[in-house]
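K.L.:
Right, I'll just put the structure down here and ask away after.
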Amino acid sequence: MKAYEVVLRHVEEAILAGQLSVGDLLPPERELAQQLGVSRSATREAIRALEAQGVLTSSVGAGPGSGTRVTDQQSKALTKLLRLQVALANFPVGDVVELRVALERVSVTLAAQRISEPALRRLRGVLDAMASPAVGLDAFNELDTEFHVLMSQAADNRLITDMTVAVRESMRLPILRASRQMGDWHAFRADLQRHHESIYEALAGRDAQRAADLVETHIRVAYTILALAPTPA
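Per this note's numbering, the sequence shown runs over residues 151 to 383.
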């Protein structure tokens with residue numbers, strides 16, 4: 151085991167054992183290095199690796215907010231990891247589509263049962279913004295992402311939300327590239343808008359089954375038209 155891996159393993163095991171939780175402060179770098187019998191450079195390397203994973207955050211200085219703490223930024227790390235893996239083609243687009251379908255069927259089913267009136271108003275606002283003729287392709291794509299993220303948040307399940315954000319963000323650039331290459335993007339946009347309106351109506355009507363079926367159809371049709379995934383059987 152490399153020296154920095156000793157530190158990684160120590161922190162990971164402490165978190166898994168419940169000895170460290172969000173907000174807890176790690177010992178100073180020098181003290182941690184001495185405790186584990188490794189160099190400060192190895193300790194620093196491990197801390198940077200855990201920061202990249204969204205597990206730790208470090209702040210220099212002498213105030214109460216300084217030092218290295220256990221943090222809660224896993225969603226950002228998950229998004230970054232999945233986006234890179236999709237870009238490297240380690241995850242086929244078809245697999246990503248199946249994951250999106252599974253996630254969003256669950257999230258929209260829960261959302262239909264739990265969505266609040268303020269959440270419905272936020273969704274309505276996004277749909278109204280998407281309908282504006284002044285909204286171009288890039289802005290429409292951002293609003294599309296926001297619509298799906300808001301639906302997942304309405305499910306009131308943080309893990310589902312984090313995974314939905316990661317999967318949707320991982321496909322943002324491929325979707326943009328494919329959209330720019332379409333012969334009639336405006337017709338495609340109109341179809342997407344109709345899909346979103348139907349999903350919104352199902353959520354507002356608390357019809358979980360219909361909302362789930364509409365979301366699945368929406369995802370599969372969109373990826374097929376964009377030629378990012380094979381036509382489903």
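Cβ coordinates follow ideal geometry from the N, Cα and C atoms, glycine included. Owing to the predicted nature of the structure, the values given are computational and were not obtained by experimental measurement.
In chain order, what residues of the same chain lie with their CB nearer than 6 angstroms to the CB of residue 175, ignoring the 5 residues before and after it?
P.N.:
Excluding positions up to five away in sequence, the list reads 217, 219.
K.L.:
Cα separation between residue 315 and residue 299?
P.N.:
Rounded to the nearest angstrom, the two C-alpha atoms are 6 angstroms apart.
K.L.:
Alpha carbon to alpha carbon, how far is residue 159 from residue 166? Give it in angstroms, no decimals.
P.N.:
The straight-line gap from Cα to Cα measures roughly 10 angstroms.
K.L.:
Ordered along the chain, which non-local residues of its own chain (more than five positions away) have a Cβ less than 8 angstroms from that of residue 349?
P.N.:
If we look at residue 349 and ignore the five residues flanking it on each side, its Cβ neighbours are 258, 301, 361, 364, 365, 368.
K.L.:
Using DSSP with H/G/I as helix, E/B as strand and the rest coil, what is residue 257?
P.N.:
Helix, per DSSP.
K.L.:
Please identify the residue among 341, 179, 204, 203 whose C-alpha is closest to the C-alpha of residue 192.
P.N.:
Comparing Cα-Cα distances from residue 192 to each of 341, 179, 204, 203, the minimum goes to 179.
K.L.:
Looking only at DSSP bridge pairs, what is residue 206 linked to?
P.N.:
Bridge partners of residue 206: 220.
K.L.:
How is residue 376 classed by DSSP in three states: helix, strand or coil?
P.N.:
In this structure, residue 376 counts as coil in the three-state DSSP scheme.
K.L.:
Could you spell out where the alpha helix (DSSP H) holding residue 275 opens and where it closes?
P.N.:
Segment 267 to 280, the alpha helix (DSSP H) holding residue 275.
K.L.:
Between 304, 373, 252, 334, which lies nearest to residue 268 when the distance is taken from Cα to Cα?
P.N.:
If we check each option's Cα against that of residue 268, 304 comes out closest.
K.L.:
Can you list, in chain order, the residues of its chain with a C-beta nearer than 6 angstroms to that of residue 276? Leave out the 5 residues immediately preceding and following it.
P.N.:
Hits under 6 angstroms: 293, 296, 297.
K.L.:
Taking the alpha-carbon of residue 331 as reference, which of 155, 171, 252, 287 has the nearest alpha-carbon?
P.N.:
For residue 331, the nearest C-alpha among the options comes from 287.
K.L.:
Roughly how many angstroms lie between the CA atoms of residue 200 and residue 260, to the nearest whole one?
P.N.:
Their Cα atoms are separated by approximately 33 angstroms.
K.L.:
Can you list, in chain order, the residues of its chain whose CB lies under 7 angstroms from that of residue 281, leaving out five sequence neighbours each side?
P.N.:
Excluding positions up to five away in sequence, the list reads 343.
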